[in-house]
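Participant: In UniProt numbering, the protein residues as written are 1 to 375.
No residue lacks a Cβ here, since even glycine has one placed at the ideal position from N, Cα and C.
Here it is, the structure, as structure tokens.
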Amino acid sequence: MKTVFKTYLLIAAFFLLCSTLSAQTNQPSTTQAKVGSAVSSVYLPAAYPAGIPLNYINTWQPRIPFTDTALVRGNSNVTQVNKNTQYIDGLGRVIQSVNWKASPTQNDLVAPTIYDAFGREQYHFLPYASQGTDGSFKTNPFGEQGSFYGTTYPAQQAAYSGESVYYGKTNYEASPLNRVVKTFAPGNNWAGSEGSATEHAAKQQYLVSTTGDSVQVWNITNNVLTYANNDVSTNIPVAAGIYGAGQLYKNVTIDEQGNNVVEYKDKDGRVVLKKVQITAAPGTAHVGWLCTYYVYDAIGNLRFVIPPKAVATLLSNATWDLTISTGSLINELCFRYEYDGRNRMIAKKVPGAGWVYMIYDKRDRLVFTQDANMG
1 MKTVFKTYLL IAAFFLLCST LSAQTNQPST TQAKVGSAVS SVYLPAAYPA
51 GIPLNYINTW QPRIPFTDTA LVRGNSNVTQ VNKNTQYIDG LGRVIQSVNW
101 KASPTQNDLV APTIYDAFGR EQYHFLPYAS QGTDGSFKTN PFGEQGSFYG
151 TTYPAQQAAY SGESVYYGKT NYEASPLNRV VKTFAPGNNW AGSEGSATEH
201 AAKQQYLVST TGDSVQVWNI TNNVLTYANN DVSTNIPVAA GIYGAGQLYK
251 NVTIDEQGNN VVEYKDKDGR VVLKKVQITA APGTAHVGWL CTYYVYDAIG
301 NLRFVIPPKA VATLLSNATW DLTISTGSLI NELCFRYEYD GRNRMIAKKV
351 PGAGWVYMIY DKRDRLVFTQ DANMG
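See below:
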């Protein structure tokens with residue numbers, strides 16, 4: 001069995017917090033460098049001063065059996081012991097993680113982290129292999145990272161020799177909610193494209209529903225079910241009109257190619273409809289989307305899932321009646337779930353299959369299941 005050993009070095013918190021060093025407060029450098037033809041600039045934080053006092057945590061993980069813990073901590077053979085050091089600022093945040101000799105060339109593998117004024121990790125720097133081999137704190141990780149990627153990969157991929165953006169980026173909403181509005185992947189054509197006409201980012205929009213979205217309201221009962229496959233009339237959702245304007249949260253995700261995924265959530269945060277764009281110009285309601293409805297009972301249990309094929313069938317028949325086609329739509333396309341009085345799932349039915357039953361003991365542990373072939 002592997003054992004993990006940790007060493008803690010604590011520096012007085014007030015000394016760290018009162019330091020005026022820009023590296024301690026993670027202040028960005030004002031130096032800007034252009035990224036090829038991209039509109040945005042390369043973000044390059046300043047180096048840390050030499051001798052900077054830091055808290056750190058050492059973790060040793062043996063790769064072979066040891067009988068003496070001292071041999072683990074003093075071992076310099078990377079094939080026998082893995083060592084990781086996390087360097088922590090005065091607020092308890094990891095600002096650098098160093099895996100000792102973890103690269104293919106047995107150099108230190110370094111993952112730098114930097115925070116903005118609100119304590120958020122807005123820039124996500126890629127890890128890199130340092131020239132060092134002692135596992136110590138790297139005072140200029142951002143410059144070293146640029147040198148590593150700038151000298152390593154052009155020799156292997158000459159077409160990408162102009163790369164200079166070695167980090168991803170997250171943009172947050174200007175509100176106390178700190179919601180993500182844009183996410184950029186690393187690279188000149190991704191994070192380096194911010195603000196340009198060809199910007200490549202995954203975007204988030206936080207809206208509310210309108211009547212034009214035509215999100216169906218579904219009601220479902222909790223009657224005694226026979227669990228017969230031909231019982232397609234008991235505990236079946238019934239359409240009850242559409243949600244009014246502003247009754248649902250509408251979260252829109254737009255990927256780098258401009259494709260949309262829309263989720264409608266009720267006031268309890270449950271997804272009631274998910275739409276995935278499948279045409280270049282979809283409508284505001286269901287046309288041009290793969291739509292999945294999720295139906296809940298009065299106490300919030302998921303009871304029914306109506307997948308895209310079933311929704312398309314309902315639309316083509318100009319009705320929201322799930323019992324059409326003598327119930328074959330329910331049996332062949334929909335998911336059903338039943339619960340007991342203690343909100344434990346006791347039966348479920350997936351499309352094209354029979355019921356699966358579940359039995360629990362007095363401690364609510366699942367002790368027995370039975371599928372349709374075992375009946």
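Does the distance from the CB of GLY146 to the CB of TRP100 come in under 7 Å?
Facilitator: The residue you call residue 146 lines up with position 146 of the sequence shown. The residue you call residue 100 lines up with position 100 of the sequence shown. Against a cut-off of 7 Å, the Cβ pair of TRP100 and GLY146 comes out as no contact.
Participant: If you run the structure through DSSP and keep just helix, strand and coil, what is PHE148?
Facilitator: Locating residue 148 in the sequence shown gives position 148, where the first residue counts as 1. Helix, per DSSP.
Participant: Would you check if the segment 305 to 313 and the segment 327 to 335 touch, i.e. whether three or more CB-CB distances between them fall below 8 Å?
Facilitator: Three or more pairs of CB atoms, one per stretch, sit closer than 8 Å, so the segment 327 to 335 contacts the segment 305 to 313.
Participant: Starting from THR279, trace the beta strand (DSSP E) in both directions and tell me its first and last residue.
Facilitator: On the sequence shown, residue 279 is found 279 positions in, with the first residue counted as 1. No beta strand (DSSP E) contains THR279, which DSSP labels as neither H nor E.
Participant: According to DSSP, is GLY168 helix, strand or coil?
Facilitator: Numbered from its first residue, the sequence shown carries residue 168 at position 168. Three-state result, GLY168: strand.
Participant: With DSSP as the reference, identify every bridge partner of LYS349, one or two as the case may be.
Facilitator: As a working mapping, residue 349 is identified with position 349 in the sequence shown. BP columns for LYS349 point to ARG336 and TRP355.
Participant: Consult DSSP for ALA23 and reduce its assignment to one of helix, strand or coil.
Facilitator: Stepping through the sequence shown from its first residue, residue 23 is reached at position 23. Confidence at ALA23 is low in this model, with a pLDDT of 37, below 50, so the placement of that residue is unreliable and no value is reported for it.
Participant: Can you tell me the Cα-Cα spacing of SER358 and ASP231, whole angstroms?
Facilitator: Numbered from its first residue, the sequence shown carries residue 358 at position 358. Numbered from its first residue, the sequence shown carries residue 231 at position 231. Sequence check: residue 358 is Met here, not Ser. Rounded to the nearest angstrom, the two C-alpha atoms are 19 Å apart.
Participant: Write down the C-beta distance between LYS169 and PHE184 rounded to the nearest angstrom, noting that I regard them as a contact closer than 8 Å.
Facilitator: By one-based count along the sequence shown, residue 169 stands at place 169. By one-based count along the sequence shown, residue 184 stands at place 184. Correct: roughly 4 Å between the Cβ atoms.
Participant: Using the rule of at least 16 other Cβ atoms within 10 Å of the residue's Cβ for burial, across every protein chain shown, is PRO112 buried or exposed?
Facilitator: By 1-based counting over the sequence shown, the position of residue 112 is 112. When all chains shown are included, PRO112 counts as buried.
Participant: Are the beta-carbon atoms of PRO186 and LEU225 separated by less than 7 Å?
Facilitator: On the sequence shown, residue 186 is found 186 positions in, with the first residue counted as 1. On the sequence shown, residue 225 is found 225 positions in, with the first residue counted as 1. Cβ distance not < 7 Å, so PRO186 and LEU225 don't count as in contact.
Participant: Just reading off the alpha helix (DSSP H) that LYS309 is part of, what are its end residues?
Facilitator: If you number the sequence shown from 1, residue 309 lands on position 309. Looking at the DSSP string, the run of the alpha helix (DSSP H) that includes LYS309 is 308 to 316.
Participant: Would you report the Cα separation of ILE220 and PRO237, rounded to the nearest angstrom?
Facilitator: Taking the sequence shown and counting its residues from 1, one reaches residue 220 at position 220. Taking the sequence shown and counting its residues from 1, one reaches residue 237 at position 237. Taking the straight line from one Cα to the other gives about 5 Å.
Participant: Is DSSP giving ARG365 helix, strand or coil here?
Facilitator: Position 365 of the sequence shown, counting from 1, holds the residue named residue 365. Reduced to three states, the DSSP call for ARG365 is coil.
Participant: Using DSSP's beta-bridge definition, name the partner residues of residue 402.
Facilitator: No answer is possible for residue 402: the residues shown for the chain start at 1 and end at 375.
Participant: If ALA201 and GLU256 are in contact, beta carbons under 8 Å, what's the gap, nearest whole angstrom?
Facilitator: On the sequence shown, residue 201 is found 201 positions in, with the first residue counted as 1. On the sequence shown, residue 256 is found 256 positions in, with the first residue counted as 1. With 8 Å as the limit, ALA201 and GLU256 qualify as a contact, their Cβ atoms being about 7 Å apart.
Participant: Going along the chain, which residues of its own chain have a beta-carbon closer than 6 Å to the beta-carbon of GLU163, five neighbours each way excluded?
Facilitator: As a working mapping, residue 163 is identified with position 163 in the sequence shown. Cβ neighbours of GLU163 beyond the five flanking positions: ASN188.
Participant: Run through DSSP, which three-state label would ILE242 get?
Facilitator: The residue given as residue 242 occupies position 242 in the sequence shown. ILE242: strand per DSSP, three-state reduction.
Participant: Only counting the same chain, and skipping five residues up and downstream in sequence, which positions put a Cβ closer than 7 Å to that of ASP266?
Facilitator: Locating residue 266 in the sequence shown gives position 266, counting from the first residue. So the qualifying residues of the chain are LEU248 and VAL272.
Participant: Under the assumption that TYR227 contacts TRP355 (Cβ atoms under 8 Å), give the Cβ distance between them as a whole number of angstroms.
Facilitator: To locate residue 227, count along the sequence shown from 1; it is residue 227. To locate residue 355, count along the sequence shown from 1; it is residue 355. With 8 Å as the limit, TYR227 and TRP355 qualify as a contact, their Cβ atoms being about 5 Å apart.
Participant: What does DSSP give as the partner residue(s) for ILE264 in the beta ladder?
Facilitator: By 1-based counting over the sequence shown, the position of residue 264 is 264. The residue asked about is misnamed: residue 264 is Tyr in this sequence, not Ile. Partner(s): LYS250 and LEU273.
Participant: Taking just the CA atoms, how far does LEU91 sit from PHE118?
Facilitator: By 1-based counting over the sequence shown, the position of residue 118 is 118. By 1-based counting over the sequence shown, the position of residue 91 is 91. LEU91 has its alpha-carbon roughly 12 Å from the corresponding atom of PHE118.
Participant: Can you tell me where the alpha helix (DSSP H) with VAL215 in it begins and where it stops?
Facilitator: What you label residue 215 is simply residue 215 of the sequence shown in a count that begins at 1. That residue, VAL215, is in no alpha helix (DSSP H); it is neither H nor E in DSSP.
Participant: What is the DSSP secondary structure of VAL220, counted as helix, strand or coil?
Facilitator: Working through the sequence shown from its first residue, we reach residue 220 at position 220. Note on residue identity: the sequence assigns Ile, not Val, to residue 220. Of the three classes helix, strand and coil, the one that applies to ILE220 here is coil, per DSSP.
Participant: Taking the straight line between their C-alpha atoms, what separation do you get for SER29 and SER41?
Facilitator: As a first step, residue 29 must be located in the sequence shown, where it is residue number 29. As a first step, residue 41 must be located in the sequence shown, where it is residue number 41. In this prediction, SER29 scores a pLDDT of 39, lower than 50, which makes its location untrustworthy; the coordinate-derived value is nonetheless stated afterwards. Separation of SER29 and SER41 (C-alpha to C-alpha, rounded to the nearest whole angstrom) is 12 Å.
Participant: Whose C-beta lies closer than 8 Å to the C-beta of ALA285 among residues of the same chain, with five residues either side of it excluded?
Facilitator: Numbered from its first residue, the sequence shown carries residue 285 at position 285. Closer than 8 Å at the Cβ level, and outside the excluded window around ALA285, lie GLY212, ASP213 and SER214.
Participant: In the structure shown, what three-state DSSP assignment does ARG73 receive?
Facilitator: The count along the sequence shown starts at 1 and reaches residue 73 at position 73. Correct three-state label for ARG73: helix.
Participant: Ends of the beta strand (DSSP E) at LYS182?
Facilitator: On the sequence shown, residue 182 is found 182 positions in, with the first residue counted as 1. Taken as a continuous stretch (DSSP letters only), the beta strand (DSSP E) holding LYS182 covers 180 to 184.
Participant: Whole angstroms are fine: how far does the CA of ILE114 sit from the CA of VAL94?
Facilitator: Taking the sequence shown and counting its residues from 1, one reaches residue 94 at position 94. Taking the sequence shown and counting its residues from 1, one reaches residue 114 at position 114. Here the alpha carbons of ILE114 and VAL94 stand approximately 9 Å from one another.
Participant: Taking the alpha carbon of ASP89 as the point to measure from, which residue in GLY258, ILE254, PHE137 and TRP218 has its own alpha carbon closest?
Facilitator: Here residue 89 refers to the residue found at position 89 of the sequence shown. Minimum Cα distance to ASP89 is reached at PHE137.
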